[in-house]
Amino acid sequence: MATTEKNSVMVELYDLSITEQKDDRFGRVITSKSLSEEDLVNIAVTRRTDLNATTLKAAMEILKEIAIEQIANGASVNFGLGYFSLGVNGVFIGDSARWDSSKHKLSVHVTPTSNLRQAINSCTAVVRGMATTGLAINSITDMGSGEVNSRLTPGGGINLTGSKIKIEGDAAGVGIKLINQDTQEETPIPRQSILVNDPSKITFIVPESLANGDYLLVLTTQFGNSGSLLKEPRSCNSEYILKVTV
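Heads up: the sequence shown runs through residues 730 to 975, numbered per the working numbering.
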């Protein structure tokens, strides 16, 4: 069950450079693995041999479609691991104000279910000290909208901050790529699209052809503090899923 005492995560420490204390650190949970819906279905089948993978997938798709339909029509829906409802962004001027799509936008509010909160609260966290690589992505800012850790705009600029993130080396995989979470298709960022490439900041242009969807940003580099390249490239995933909506 999700709330057993066996639930445990590993935490690594990184320098907290925004404070005056030289020994201040912040913790980051190490992502143990990345699972797709298909992976979850396969796990369910191994635990319950009476379940059929094809039926599970079909049922999941039907339920998702119904949930999306109901949410898009103003319903509050308890589905999966969260409660979903719509909110409104933007300011209205006057009692008779009308909807202006250039100023107003609907947004989705998600609140974790009590089962998920309980599982997290009962989880054991083990701190294993400073991260061996120090490679970390701290923030991803969409320059067009100003949104942080949430959006990518095709053809627009992205400011990425972090630690030891400079793209260096010619080993396979070195660079920045965006992985579509539905199709797992990978879109690499061309080197010529990287405008700033520093240890703590990278600025790049998002490909104009990037399709709508949810994306994971993965950065891989051989950059080392000593000025020499690391023998093996090291990778870091963004903590947040980034959405593209054109």
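Glycine is no exception: its CB is placed at the ideal position from the N, C-alpha and C atoms.
{"Query": "Limits of the beta strand (DSSP E) - the one that Asn909 falls within", "Result": "Gly904 to Asn909"}
{"Query": "Close beta carbons around Asp943, own chain, < 6 Å, minus the five adjacent residues each side", "Result": "Gln910, Ile970 and Lys972"}
{"Query": "Helix, strand or coil at Leu764 [DSSP, three-state]", "Result": "coil"}
{"Query": "Meets three-Cβ-pair contact criterion under 8 Å: the stretch 849-856 and the stretch 823-830", "Result": "no"}
{"Query": "Proximity test, Thr760 beta-carbon vs the ligand NAP heavy atom, cut-off 8 Å", "Result": "The model depicted lacks the ligand NAP and carries no ligand whatsoever."}
{"Query": "Neighbour-count burial assignment, Phe952, 16 or more Cβ in a 10 Å radius", "Result": "buried"}
{"Query": "Exposure label - Glu914; buried when at least 16 CB within 10 Å", "Result": "exposed"}
{"Query": "Where the alpha helix (DSSP H) containing Met789 begins and where it ends", "Result": "Ala782 to Ile800"}
{"Query": "Close Cβ partners of Thr760 (< 7 Å) along its chain, the five nearest in sequence each way excluded", "Result": "Asn966"}
{"Query": "Neighbourhood of Gly898 by C-beta, 8 Å cutoff - its chain only, sequence neighbours within 5 removed", "Result": "Thr950, Gln951, Phe952, Leu958, Leu959 and Pro962"}
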